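In what follows, a single structure is set out as structure tokens and then discussed.
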């Protein structure tokens, strides 16, 4: 089907579109505040605390192809899919339904996402994201978003596919400071 | 003076030591929660909102030479010094005393810290850190901590001092995910 679907088709085909319109409001774009409200109210993190605003900014940045700082419907759909995948992995490790996983479980979760990292790298990630040895869902999402984005950027520069990449300083700062 | 100062000398010499002891509590180490409480109460950000906990974790990670996840007095002193320097720069750009700076002002602040970045890199940093075009103090500190840490790591790998550095994937993830 090569035709571009219009608003009507979207509504018919995608139940998520109505939700997107409600969250995005008049301008038809989701900002980081709107995303935070939507994720807090959806109860996706399993707590009543506001979803980490920094994680929201990260997610919008990651998917923001037009550099607008906001998110249209296609981007929101991608995000929703990724969030649900991360939620499923998170819940499979959060066996006592506490809304947090232990550092050890997070290491397994990262491995199950297909990342091949050394024990040192895994420990460093745990140290960065855990509070009192545990990681809540929104921080877990931050970690997944950044791992995915950084790995993508690295691989694009690893042109000989041998696990090394060369960076100019300005490029390195752009890649690493964007997430 | 080559002798290692004891508790008494510290108290005599450094008014900050008493404050450190009060914040650190019984274990003599400052965790990210304790740092958050201390920075919120100190009013350093110019608002009554809690100081961003993620910024606190970042700061502890940056200075955590013994990888304990907490901060001893020497590390706290370094942090205090850096924080005050950043606060002074921030205030010199926050002319209307709103507790935030504009994206444009933050670019100037980064330049005044000596970083030589392209307009693209500066725009990307602004996009990452600003909310509705403004940056609050705790996010400004996050940005400074990360810029400093990432630049340090980069320069250590730029052995020929020509502005490029080669990273192995695992090393790249360790450097970038630690902050």
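Protein chains in written order, with the numbering used here: chain A, 37 to 215; chain B, 37 to 215.
Here a beta-carbon is modelled for each residue, glycine too, at the ideal position from N, C-alpha and C.
Bear in mind that the values here come from a model prediction, so they are computed numbers and not experimental data.
Alpha carbon to alpha carbon, how far is residue i from residue j?
i                      : j                      : result
residue 206 of chain A : residue 214 of chain B : 19 Å
residue 115 of chain B : residue 130 of chain A : 35 Å
residue 85 of chain B  : residue 92 of chain A  : 19 Å
residue 69 of chain B  : residue 96 of chain B  : 11 Å
residue 173 of chain A : residue 119 of chain A : 10 Å
residue 79 of chain B  : residue 113 of chain B : 18 Å
residue 195 of chain B : residue 157 of chain B : 23 Å
residue 155 of chain A : residue 147 of chain B : 37 Å
residue 143 of chain A : residue 209 of chain B : 14 Å
residue 55 of chain A  : residue 81 of chain A  : 18 Å
residue 132 of chain B : residue 177 of chain B : 19 Å
residue 110 of chain A : residue 179 of chain A : 23 Å
residue 189 of chain B : residue 183 of chain B : 10 Å
residue 63 of chain B  : residue 53 of chain B  : 14 Å
Is the beta carbon of residue i sitting closer than 8 Å to the one on residue j?
i                      : j                      : result
residue 89 of chain A  : residue 65 of chain A  : no
residue 181 of chain B : residue 107 of chain B : no
residue 105 of chain A : residue 163 of chain B : yes
residue 198 of chain B : residue 202 of chain A : no
residue 139 of chain A : residue 169 of chain A : yes
residue 171 of chain A : residue 149 of chain A : no
residue 204 of chain B : residue 200 of chain A : yes
Can you have a look at residue i and say buried or exposed, based on whether 16 or more other CB atoms are within 10 angstroms of its CB?
i                      : result
residue 166 of chain B : buried
residue 175 of chain B : buried
residue 128 of chain B : exposed
residue 212 of chain A : buried
residue 136 of chain B : buried
residue 67 of chain B  : buried
Examine chain A for any beta-carbon lying closer than 8 Å to the beta-carbon of residue i, and answer yes or no.
i                      : result
residue 171 of chain B : no
residue 206 of chain B : yes
residue 164 of chain B : yes
residue 161 of chain B : yes
residue 52 of chain B  : no
residue 126 of chain B : no
residue 203 of chain B : yes
residue 121 of chain B : no
residue 200 of chain B : yes
residue 148 of chain B : no
With 8 Å set as the bound, which would you pick, yes or no: does the beta-carbon of residue i sit closer than that to a beta-carbon of chain B?
i                      : result
residue 143 of chain A : no
residue 182 of chain A : yes
residue 188 of chain A : no
residue 153 of chain A : yes
residue 210 of chain A : yes
residue 157 of chain A : yes
Using DSSP bridges, identify the partner residues of residue i.
i                      : result
residue 170 of chain A : A:138 and A:167
residue 107 of chain B : B:66
residue 202 of chain A : B:202
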